[in-house]
Amino acid sequence: MTTAAPITKQALPTDWRDFYALTKPRVMSLVIFTGLCGLLAAPGSINPVLGFTAILCIALGAGGAGALNQWLESDLDAGMKRTQKRPIPAGRMDPTNARDFGIALSVLSVCLMGIAIGWLAASILLVSILYYAIIYTMWLKPRTPQNIVIGGAAGAFPPMIGWVAVTGDITLMPVLLFAIIFMWTPPHFWALALFIKSDYAKVGIPMMPVVRGQASTRRQIMVYSVLLVPIAAAPWFIGGTGAIYGIISIALSLAFLALSVPVATRISEDGDAMKPEKRLFAFSILYLFALFAALVVDRVAAYQGFAL
1 MTTAAPITKQ ALPTDWRDFY ALTKPRVMSL VIFTGLCGLL AAPGSINPVL GFTAILCIAL
61 GAGGAGALNQ WLESDLDAGM KRTQKRPIPA GRMDPTNARD FGIALSVLSV CLMGIAIGWL
121 AASILLVSIL YYAIIYTMWL KPRTPQNIVI GGAAGAFPPM IGWVAVTGDI TLMPVLLFAI
181 IFMWTPPHFW ALALFIKSDY AKVGIPMMPV VRGQASTRRQ IMVYSVLLVP IAAAPWFIGG
241 TGAIYGIISI ALSLAFLALS VPVATRISED GDAMKPEKRL FAFSILYLFA LFAALVVDRV
301 AAYQGFAL
């Protein structure tokens with residue numbers, strides 16, 4: 001377990017923006033969006049107030065997990081250029097306050113989800129929080145270059161939670177939505193890791209480019225990008241969606257694959273602009289937003305009788 005970084009004696013004052021930063025807002029936006037898409041794409045209906053409550057719980061749970069992650073990794077964050085301005089390493093927040101904030105958000109999210117929506121959805125939310133804060137942050141990340149592969153499950157739960165909030169059970173479709181994000185995470189994150197690997201090396205985190213080298217990382221990006229094509233289209237193959245989603249998913253996945261090719265085939269080290277890697281990373285974010293938006297569009301079209 002990592003320990004919290006010490007703060008200076010004359011710590012800067014904490015304000016609401018520091019608590020907000022603890023929740024990792026950019027990560028949370030993707031979590032909220034995929035959770036909402038899972039909820040909207042699920043068969044059946046949910047009262048709008050309960051639907052809002054379910055998404056709020058997903059957001060609170062993600063924020064709590066993010067705060068616990070920053071508390072546990074504050075010493076590592078202090079050593080990396082990308083993260084050294086976060087509230088704890090920058091000396092704007094006492095680590096104990098960050099820990100308590102993360103615990104409070106996590107407990108509130110699970111209890112509210114269980115009471116308002118159901119305990120199956122609440123249980124999955126609890127697993128996602130514990131997976132990210134304990135299994136990924138404390139166990140996988142500091143120990144294995146496969147950390148992001150196994151740890152990717154933490155970010156794959158939200159659409160499943162949204163789906164279960166409506167249906168009350170787990171079927172093949174929410175499992176496939178989970179699998180899409182699980183398979184998307186390694187090429188997305190390794191593209192980032194390729195151009196910030198010096199940060200990870202400096203603090204001793206065994207990310208794939210650091211311990212296995214760029215060539216191995218690039219090959220694995222290609223493997224996961226190839227596998228993502230059929231997995232992303234699988235909801236269409238099993239009849240869970242219509243052709244709107246199917247066509248869009250294949251087009252997006254082929255574009256993802258095309259952007260992976262120059263990343264996988266080029267021989268480059270530090271000193272170049274890493275443009276293919278940055279393009280793939282940027283597109284990977286757009287890819288996930290667009291893919292899950294297509295899921296909702298397909299559902300609305302089917303409901304309106306416009307399915308292909």
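Per full-length UniProt numbering, the sequence shown runs over residues 1 to 308.
Heads up, the beta-carbon is just placed ideally off N, CA and C, and yes, glycines get one too.
Annotation for I58: the continuous alpha helix (DSSP H) segment containing it runs 48-72. With respect to the 8 Å criterion, P174 and G38 are classified as neighbours on the basis of their beta carbons. In this structure, A191 sits near S284, with a CB-CB distance shorter than 8 Å. Annotated three-state conformation of G204 is coil, per DSSP. DSSP assignment within the region 241-297 yields the following whole alpha helix (DSSP H) runs of 4 residues or more, N-terminal first: 243-265.
Secondary structure at I181: helix, using DSSP grouped into helix, strand and coil. Ranked by how close their Cα comes to the Cα of V296, the residues K202, T241, Y287 have T241 in first place. Judged by DSSP secondary structure, F101 falls within the alpha helix (DSSP H) whose first and last residues are 95-116. F237 carries a helical assignment under DSSP once its states are collapsed to helix, strand and coil.
For P262 and P276, the gap between their C-alpha atoms comes out near 6 Å. Close CB contacts of T83 within its chain, under the 6 Å cut and outside five residues either way in sequence, are with D77 (chain order). A Cβ-Cβ contact shorter than 8 Å links A54 with G162. Comparing alpha carbon positions, the residue from E73, D100, F101, L257 closest to A90 is E73. By the criterion of a C-beta distance shorter than 6 Å, A42 is surrounded in its chain by W163, V166, T167, once the five residues flanking it on both sides are discounted.
Taking the Cβ atoms as the reference, A122 lies roughly 21 Å from N69, outside the contact range of under 8 Å. Counting only the Cα atoms, V223 lies some 28 Å from I129. Assignment of K197 by DSSP, reduced to helix, strand and coil, places it in the helix class. For the pair A302 and L252, the CB atoms are not nearer than the 8 Å cut-off. Scanning T137, T265, V27, I231 for the CA closest to the CA of R218 turns up T265.
For A193, the closest C-alpha among the options I180, L177, I88, V211 is that of V211. According to the DSSP assignment, W139 belongs to no alpha helix (DSSP H), since it is labelled neither H nor E. For the options I32, A21, L112, the alpha carbon positioned closest to that of W71 is the one of A21.
Cα atoms of W236 and D94: separation of roughly 49 Å, rounded to the nearest angstrom. Counting along the chain, I124 sits inside the alpha helix (DSSP H) bounded by residues 119-130.
Counting the other CB atoms within 10 Å of its CB gives V49 a total below 16, which places it among the exposed residues. When secondary structure is reduced to three states using DSSP, R218 falls in the helix class.
Per the C-alpha coordinates, the member of F292, Q304, V229 positioned closest to I32 is F292. Within the same chain, and ignoring the five residues on either side of V149 in sequence, the residues whose Cβ sits closer than 7 Å to its Cβ are P186. In the same chain as N147, and ignoring 5 residues on each side of it, the C-beta atoms closer than 6 Å to its own belong to L140, K141, in chain order. Taking 8 Å as the cut-off, the Cβ atoms of D298 and I221 do not count as close. A residue is called buried when at least 16 other Cβ atoms come within 10 angstroms of its Cβ; W184 meets this threshold and is buried.
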